[in-house]
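The numbering of the sequence shown is this note's numbering, which starts it at 1 and goes up by one. C-beta atoms are modelled at their ideal positions from N, C-alpha and C, and glycine is treated no differently.
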Amino acid sequence: MDATGATTSEWSRLPVGRAEYRQDTILAAVLAVAMGISTILYGSTGFYDELAPWWLSVLLVVANAGPLAFRRRFPMTVAVVVAATFAAMQILHVPELFFNNFTLFIALYTVGAWCSDRVRAEVVRWIVIVGMFAWLFIALSFSWSVPSALPKTGDGPVSPFIANSLMSIIINLVYFGAAWYSGNRAWASAVAKHELAERTAELAVERERTAAQAVTLERVRIARELHDVVAHHVSLMGVQAGAARRVLDRDPDQAATSLGVVEDSARTAVEELRKMLGTLRETDRVDRDTVPDAPSTEGMARLGELAESARTAGHPTQYTVVGDERAVPPTVAVVAFRIAQEAVTNVLKHAGPDAHADLRLRYLPDAVEIEVTDTGIGSRASSPAARAEADGTGRGGLGHVGMRERVAAVGGRIEIGPRARGGYLVRAWLPTT
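What follows is the structure in structure tokens.
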């Protein structure tokens, strides 16, 4: 749909409301009154030697201006009727030579501005314009054949006969060209407004869809946080409870220590879950960055606590920081902590009772690297099920999938899998710039 007149069956400016129809009726009435006054004045000037009867003048004035009341309902029919009465008024010597030019212009403009069938709009306008020019050429030929109708000889470089004819043709070309162009521009503007409204509606729908997707992604993030929090602390509690059960009879003090760790882990897990649920209830926040996230803000400052929790659970764990410590983006700190937490949890669950672990944090020029290794049992690490879990395809590999998704979210890389000399490796490279 454009200003050149392409056919459209998908959209129409019609029908319009009662206000538009009322405006058209008022326009037709005003022009009819103006044409009546103009007819009386022109008749008094003696422009025509023989005037049409008054009743015929009234009839043609009404027939010329009246159809404009229906111009937006039946634009093509109105244009043909107005053009025919325009010519009839000239032929029958109705002394109105001013306002009928307005009625014809408005009729042709309406065809271009309101007809949805652009092909028919073009055809009707061409028929009217060609007909009016044919009538013009007939009138010019008649004036050339009647010596008394020709203008007096002038002193200009162009014959007055030719000059008069050329001016008539030029005036009509400008007149009909303006009606054609303005009508098409009005149609193009209406189409652009319609398309803008459609795009606005589509954007509104897209915003709702994006909001729904954001809610879904937030739920996935929350589920991942819950997995990390619960898995780590429950695994730690399970290991310590098992240790307490085994030494309860022969070493009550050690059993009490293990149960204390269970209590602390339970309390920490409950506290983190409480913070998370409190964050979810912040429904009236304006900017996410102005509201501190609950457990997701746990950063690299707590990596040492992870190593300590592994040591408390009976797995000797070394924690090493390589490079000069510096501030890193909060999102990177969150990802680093959660990856280390998941890796330490896997050590507690799968490495075996005699496994040693090594937790390393490296500060690189443009990134940080978190690495967790263990010397756990190799039989499971090399099994098909373990390999499936390592690449995220296994039935029990949800933790690894979560780690890979976290790293991908910040544009990093991660390596997960068994080591050649035994044990398991988790190494993540996280960009900081």
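| Item | Value |
| --- | --- |
| For G417, the first and last residue of its enclosing beta strand (DSSP E) | 413–418 |
| Euclidean distance between Cα positions of V166 and E50 | Note that residue 166 is Leu in the sequence shown here, rather than Val. The straight-line gap from Cα to Cα measures roughly 27 angstroms. |
| Three-pair Cβ contact test at 8 angstroms for the segment 322–337 versus the segment 243–260 | no |
| Option nearest G36 by Cα separation, candidates V58, T110, E122 | V58 |
| Cβ distance (whole Å) where R73 is taken to contact A107 below 8 angstroms | 13 angstroms between Cβ atoms; not a contact. |
| Supposed contact pair L306 and R361 - C-beta distance, whole angstroms, cut 8 angstroms | The sequence given here places Leu at residue 361; Arg does not occur at that position. About 11 angstroms; that fails the 8 angstroms criterion. |
| Three-state secondary structure (DSSP) of V11 | It is Trp, not Val, that sits at residue 11 in the sequence shown. Note: W11 maps to coil in three-state DSSP. |
| Beta-carbon separation (whole angstroms), V124 vs V111, contact threshold 8 angstroms | 6 angstroms |
| For A367: DSSP bridge partner residues | P431 |
| Where V372 falls: helix, strand or coil (DSSP) | strand |
| Alpha carbon of A19 to alpha carbon of E195, nearest angstrom | 23 angstroms |
| Among V334, V347, V335, nearest to T312 - alpha-carbon criterion | V347 |
| Extent of the continuous alpha helix (DSSP H) run through V78 | 75–91 |
| Beta-carbon proximity check, T432 vs V368, cutoff 8 angstroms | yes |
| Reduced DSSP category for R360 - H, G, I as helix; E, B as strand; rest coil | strand |
| Counted within 10 angstroms of its Cβ, other Cβ atoms place Y181 as buried (16 or more) or exposed | exposed |
| A52 versus W11: straight-line alpha-carbon distance, rounded | 45 angstroms |
| Residue of M132, A192, A190, S189 minimising C-alpha distance to S168 | M132 |
| Complete alpha helix (DSSP H) runs within the segment 297–333 (minimum length 4 residues, chain order) | 303–312 |
| L451 - DSSP class collapsed to helix/strand/coil | For the chain, the structure presents residues 1 to 433; residue 451 sits outside this window and is missing. |
| Burial state of W55, where buried means 16 or more other Cβ atoms lie within 10 Å | exposed |
| Option nearest F86 by Cα separation, candidates M76, N100, V78 | N100 |
| Between the CA atoms of Y175 and A163 - distance to the nearest angstrom | 18 angstroms |
| Cβ separation of W126 and R13, assumed to be a contact under 8 angstroms, to the nearest whole Å | At roughly 21 angstroms, the Cβ-Cβ gap does not stay under 8 angstroms, so W126 and R13 are not in contact. |
| Closest Cα partner of I138 within the set L31, Q90, T317 | Q90 |
| Assumed close pair A34, G66 - CB separation to whole angstroms, cut-off 8 angstroms | About 13 angstroms; that fails the 8 angstroms criterion. |
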